[in-house]
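Undergrad:
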Amino acid sequence: MTSVTMRSSGLVQRRTEASRLAADKERPSDQEEHESRRRDEQDDDDTGDSKETRLTLMEEVLLLGLKDREGYTSFWNDCISSGLRGCMLIELALRGRLQLEACGMRRKSLLARKVICKSDAPTGDVLLDEALKHIKDTQPPETVQSWIELLSGETWNPLKLHYQLRNVRERLAKNLVEKGVLTTEKQNFLLFDMTTHPLTNNNIKQRLIKKVQEAVLDKWVNDPHRIDKRLLALIFLAHSSDVLENAFAPLLDDQYDLAMKRVRQLLELEPEGESMKTNANELLWAVVAAFTK
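full-length UniProt numbering numbers the first residue of the sequence shown as 1 and each following residue consecutively.
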């Protein structure tokens, strides 16, 4: 009887020991956890997703358009104003604040559908919250094309001038100053002084340029729906704002030609058809339609 009890006890002990060893094998060691955490942090650094340097679409487009030393955009660029408003609409859509109204049985086109406020929760960005409030409070709702014009102040209706977001470039530049990307200076232009914002953190801008270049070169995929939505929007809006060339300027001739060829492929896409595909963001494609129609 005693021997049976001892054998049973030994069996239990072996089972317990085996369970403990299995659990230890499944549970990562402290060193492995540390390595995993370090890799995650490294990935954040590589992609520019750390909280200190995370930029909005508007800030990225403006940064691509700013002259590094002079600290201002080209005086001849009259596209960036409306482009930045398009960025705001897409940014709000990607953050779950805006969407297009349902297309209905008769399938309205993207540019005929109204922009609807999905959530009025603050975004933490003053410009985005200001635009969101205008859209939320406006009845009846307006279309994407109308909102780009209204927020830009490009309207003939004096009763709608209050929708215009003023000093957008200057406010975005100040955001970039706060994030340590730009600095603030004063420059004299014969008849007047102008506040400028020269580049102070070249690493962040180079990382942005590299991201855009790789999207149409090394990391190119033929299906636009396999491209990150924010990156896809950046390419479209940078082109519409006439600043995409700045990202491609450092490329060799062969690389430049290939990059522009692939950008043209994106521009030739049919927004109506793309918006109906799985996981597509309809408002993003509506903004694309507004600029490529």
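Cβ coordinates follow ideal geometry from the N, Cα and C atoms, glycine included. This one's a predicted model, so the numbers in the text were calculated from it and none came from an experiment.
Return the first residue and the last residue of the alpha helix (DSSP H) that residue 311 is part of.
TA: Nothing in the structure corresponds to residue 311, since the chain is present only between 1 and 293.
Undergrad: Considering just the uninterrupted stretch of the alpha helix (DSSP H) at K133, what are its terminal residues?
TA: That run of the alpha helix (DSSP H) goes 126-137.
Undergrad: Below 8 Å, how does it come out for the segment 78-95 and the segment 175-192: are there three or more Cβ pairs, yes or no?
TA: The segment 78-95, when compared against the segment 175-192, does not touch it at the 8 Å Cβ threshold.
Undergrad: With respect to the beta strand (DSSP E) encompassing R161, which residues constitute its N-terminal and C-terminal limits?
TA: Checking the sequence, you will find Leu at residue 161 rather than Arg. Element bounds for L161: n/a, residue is neither H nor E.
Undergrad: Is C87 helix, strand or coil when you go by DSSP?
TA: It is helical.
Undergrad: Compare the C-alpha of residue 316 against each of E214, F236, G83, M276 and name the closest.
TA: Given that the chain is displayed from residue 1 to residue 293, the structure contains no residue 316 and the question cannot be resolved.
Undergrad: I think G65 touches S240, with their Cβ atoms under 8 Å apart; what is that distance to the nearest whole Å?
TA: At roughly 12 Å, the Cβ-Cβ gap does not stay under 8 Å, so G65 and S240 are not in contact.
Undergrad: Give me the Cα-Cα distance between L234 and E60, rounded to the nearest whole angstrom.
TA: Those two C-alpha atoms are separated by around 8 Å.
Undergrad: Verify whether the separation of the beta carbon atoms of I90 and L231 is less than 8 Å.
TA: No, Cβ-Cβ distance for I90 and L231 is not below 8 Å.
Undergrad: Give the DSSP-derived three-state secondary structure of L98 in the structure shown.
TA: Three-state result, L98: strand.
Undergrad: So which of A280, Y72, E170 has the shortest CA-CA distance to V126?
TA: Checking every option, the nearest Cα to that of V126 belongs to E170.
Undergrad: Any contact of the segment 114-129 with the segment 137-144, i.e. 3+ C-beta pairs under 8 Å?
TA: Yes, since at least three Cβ pairs between the segment 114-129 and the segment 137-144 fall closer than 8 Å, the two stretches touch.
Undergrad: Around the C-beta of P271, are 16 or more other C-beta atoms found within 10 angstroms, so that it is buried, or is it exposed?
TA: Under this definition P271 is a buried residue.
Undergrad: How would you call R37, buried or exposed, if buried means at least 16 neighbouring beta carbons within 10 angstroms?
TA: At R37, the pLDDT of 40 sits below 50, so the modelled position is not reliable; the number obtained from the coordinates is stated separately. By the 10 Å Cβ count, R37 comes out exposed.
Undergrad: Is the Cβ-Cβ distance between E274 and P224 less than 8 Å?
TA: Cβ atoms of E274 and P224: closer than 8 Å.
Undergrad: Flag this pair as yes or no: are the beta carbons of R264 and W220 separated by less than 8 Å?
TA: Cβ atoms of R264 and W220: not closer than 8 Å.
Undergrad: What span of residues does the alpha helix (DSSP H) with K211 cover, start to end?
TA: First-last of the alpha helix (DSSP H) with K211: 202-216.
Undergrad: Would you report the Cα separation of L165 and L128, rounded to the nearest angstrom?
TA: Those two C-alpha atoms are separated by around 10 Å.
Undergrad: Taking the DSSP output, what are the residues bridged to N188?
TA: Bridge partners of N188: D193.
Undergrad: Near D120, which residues of its chain fall below 7 Å by C-beta distance, leaving aside the five closest residues on each side in sequence?
TA: Within the same chain, D120 has close Cβ partners L132, K136.
Undergrad: Tell me where the beta strand (DSSP E) around V115 begins and ends.
TA: Per DSSP, V115 belongs to the beta strand (DSSP E) from 115-117.
Undergrad: In the DSSP assignment, what residue or residues form a beta bridge with L63?
TA: None, per the DSSP bridge assignment.
Undergrad: Which word fits Q145, buried or exposed, when buried means at least 16 other C-beta atoms lie within 10 angstroms of its C-beta?
TA: By the 10 Å Cβ count, Q145 comes out buried.
Undergrad: In angstroms, rounded to a whole number, what distance separates the CA positions of L55 and G86?
TA: Near 16 Å, if we compare the C-alpha coordinates of G86 and L55.
Undergrad: Would you grab the beta carbon distance between K229 and N281 for me? Rounded to a whole angstrom, and I think it's under 8 Å.
TA: Sure, about 6 Å apart at Cβ, within 8 Å.
Undergrad: How long is the line joining the alpha carbons of L199 and R97, rounded to whole angstroms?
TA: The straight-line gap from Cα to Cα measures roughly 31 Å.
Undergrad: Please identify the residue among M105, L111, R106 whose C-alpha is closest to the C-alpha of Q99.
TA: It is L111 whose Cα lies nearest to the Cα of Q99.
Undergrad: Under three-state DSSP, which class holds R252?
TA: It is worth fixing the name first, because residue 252 is Leu in this sequence and not Arg. In this structure, L252 counts as coil in the three-state DSSP scheme.
Undergrad: Return the chain-ordered list of same chain residues with a C-beta closer than 6 Å to the C-beta of F291, the five sequence neighbours on each side being excluded.
TA: Same-chain partners within the cutoff: S240.
Undergrad: Mind checking S156: buried by the 16 CB within 10 Å criterion, or exposed?
TA: First, the amino acid is wrong: residue 156 is Trp here, not Ser. By the 10 Å Cβ count, W156 comes out exposed.
Undergrad: Output the distance between the C-alpha atoms of D45 and L159, rounded to the nearest integer angstrom.
TA: For D45, the predicted model reports a pLDDT of 38, less than 50, meaning its position is unreliable; a value from the coordinates is still stated below. The straight-line gap from Cα to Cα measures roughly 47 Å.
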